[in-house]
Amino acid sequence: MKKFSYLLILLLVVSVVIAGCNSGGGDSNEDGITTIDFAIHVANPMEQEPAFSKLIEQFQIENPDIKVNLIGKEQQEHVKNIKMMSQSNKLPDVFWMLPASASELYEAGMLMGLNDFIKENPEIKNSLNENMLSTYAANGEQYGLPYQPLVTGLFYNKALFKQHGVELPKTIEDLVAAAKVFKQNGVTTIAKGAKDEYSVWAFLTMLSRYGYFEKIDNIMAGKEKYNNEDFVNYYKKIDELRKAGAFPDNVSTQTYFQAVEQFLGGQAAFLDSGMWDIPKIEESGIDAGFWWGPTFADGVGNQNISSVVPAAPLLVSKNVEKDAAKKEAVLKLFAFYYGEKGTQIMVENQVPPMTNTKVTIDEAKNPLFKQLVDQIQLKGWVSQPNQPDLVVPEAIGNAMYDSIYGVINGTYTPEEAAKVVQNKVDETK
């Protein structure tokens, strides 16, 4: 009888334990808190990614049953760590990753699909620009969503235009004419530094106005050449700017960061840069504006092309699907992140919206940021799908940088510049 009592007690204890395990779901702890491990590409998220950190903080306030465990590492270490974790199938629940590696993880079947999330949140789907979705989709499956938008173009110093009686250009002819006036008055038209060859963002958008995205697939397939007539014409326009004295005399020995200082010092009319330099420019006191760059009469297709492209994606581990509570928490986080509240938090911290959601900006506090967002929402303008250098192998992207700065420096003719890239395309086959 005593043995039976002990056995009955043991069975009751086991049943209570099992019931307790089944009631919480997944990794929820005793307090009913579901934890999301979120790995990001900076060592100190609070200092280095304040907008993102504040968004996560607000999400946790509104969802006290969810804890977001931020795991921050410097980008190179972060990427290496994610690759190592993927080998043992122990990826973080949510993580930032470089585009090429993200595609590899998708091909390896290690990511949770986000089609259901997109389908169940039509307001988010409808608010996201098309390229924000298509960039991280394959075979009809959404495998990632952009961490942030990447916005690039030309900042300009309004005071210098007014001082020298120059109107903000619209066409390449206008820009060449403006360059001649600025040159005569000892002002650099476009601050640039060839020591950092990647610093050609606005010039890559100009390339899109010569039909880059209509041609690049055929070029990579060997059906068309990079040194085609349209692209050579594009390089000829850069050469016209060089001949008009548009670039710094020391462009070949100057870095991008020195070019930024040149603009901040009031010595250049334009700066080829992006959203990340807005705080510096606003703090400098310069009355600045933002411009998408010139249109071209001999360009190909739509000339009203902007550059609001997806940054590296956020991905979800396939393992999250195995934990109902965790999956629900992750999808709730994404709904907040890409919804109106998340977008507004990012905007308040000077991260441009990747959606068409209406946002509130303190223009008195952040005048340049307000102008940039206004440009993003210009009617009749369409963003290029991505940066031209990001849709080809790295070696070809580097050749594109070299070709552009080669013309700016006067070391390549337009024909030679286009051939430099074609030679690199041929090498990759």
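Numbering (mature numbering (1 follows the signal peptide of the UniProt record, and there is no 0)) for the sequence shown: -19 to -1, 1 to 410.
Heads up, the beta-carbon is just placed ideally off N, CA and C, and yes, glycines get one too.
Between the beta-carbon of histidine 326 and the beta-carbon of glutamine 123, is there less than 8 Å?
The displayed chain sequence assigns isoleucine, not histidine, to residue 326. Result no, Cβ atoms of isoleucine 326 and glutamine 123 do not sit closer than 8 Å.
Roughly how many angstroms separate the alpha carbons of aspartate 407 and tryptophan 273, rounded to a whole number?
32 Å
Would DSSP call alanine 175 helix, strand or coil?
coil
What I want to know is whether the C-beta of lysine 400 ends up closer than 7 Å to one or more non-hydrogen atoms of the ligand MN.
The model on display carries no ligand, and the ligand MN is accordingly not part of it.
With a threshold of 8 Å, are at least 3 pairs of Cβ atoms found where one atom belongs to the region 193 to 200 and the other to the region 262 to 279?
no
Nearest to leucine 371 by alpha carbon, out of Phe76, Glu309, Ser189, Glu111?
Ser189
For tryptophan 257, is the classification buried or exposed, using 16 other Cβ atoms within 10 angstroms of its Cβ as the cut-off for buried?
exposed
Contact between the region 92 to 101 and the region 326 to 346 is defined here as three or more beta-carbon pairs at a separation below 8 Å; is this criterion met?
no
With DSSP run on the structure shown, which of helix, strand or coil describes alanine 305?
In the structure shown, the three-state DSSP call for alanine 305 is helix.
Could you tell me the distance, in whole angstroms, from the CA atom of glutamine 41 to the CA atom of asparagine 62?
Here the alpha carbon of glutamine 41 sits roughly 26 Å from the alpha carbon of asparagine 62.
Enumerated in chain order, which unbroken segments of the alpha helix (DSSP H) with a length of 4 residues or greater are wholly contained in the region 129 to 212?
139 to 144, 153 to 165, 182 to 189, 193 to 201
Leucine 296 by DSSP, collapsed to three states: which one?
Annotated three-state conformation of leucine 296 is strand, per DSSP.
Can you have a look at phenylalanine 238 and say buried or exposed, based on whether 16 or more other CB atoms are within 10 angstroms of its CB?
exposed
Cβ atoms of alanine 399 and tyrosine 193: under 8 Å apart, would you say?
no
Taking 8 Å as the threshold (C-beta atoms), are isoleucine 385 and valine 181 in contact?
In this structure, isoleucine 385 lies closer than 8 Å to valine 181 by Cβ.
Do you know how far the Cα of glutamate 154 is from the Cα of threonine 336?
The alpha-carbon atoms of threonine 336 and glutamate 154 are separated by roughly 33 Å.
Compare the beta carbon distance of threonine 152 and threonine 338 with 8 Å and say whether it is the shorter of the two.
no
Spell out the partners DSSP gives proline 291 in its beta bridges.
Pro130
Quick check: the Cα distance between glutamate 321 and leucine 359, rounded to an integer number of angstroms?
Computed Cα separation, rounded: 20 Å.
Grab the span of the beta strand (DSSP E) containing leucine 51 for me, first residue to last.
Leucine 51 -> beta strand (DSSP E) spans 47 to 53.
Would the beta-carbon of asparagine 347 fall within 8 Å of that of glutamate 263?
yes
Any idea what DSSP makes of valine 281, helix, strand or coil?
Strand.
How would you call serine 254, buried or exposed, if buried means at least 16 neighbouring beta carbons within 10 angstroms?
buried
Return the bridge partner residues of threonine 336 from the DSSP annotation.
Beta-bridge partners assigned by DSSP to threonine 336: Leu109.
Would you list the residues sitting across from aspartate 18 in a DSSP beta bridge?
Asn50
Quick check on the DSSP output: the alpha helix (DSSP H) that includes residue 411 runs from which residue to which?
Past the boundaries of the shown model lies residue 411; the chain is included only from -19 to 410, so the question cannot be answered.
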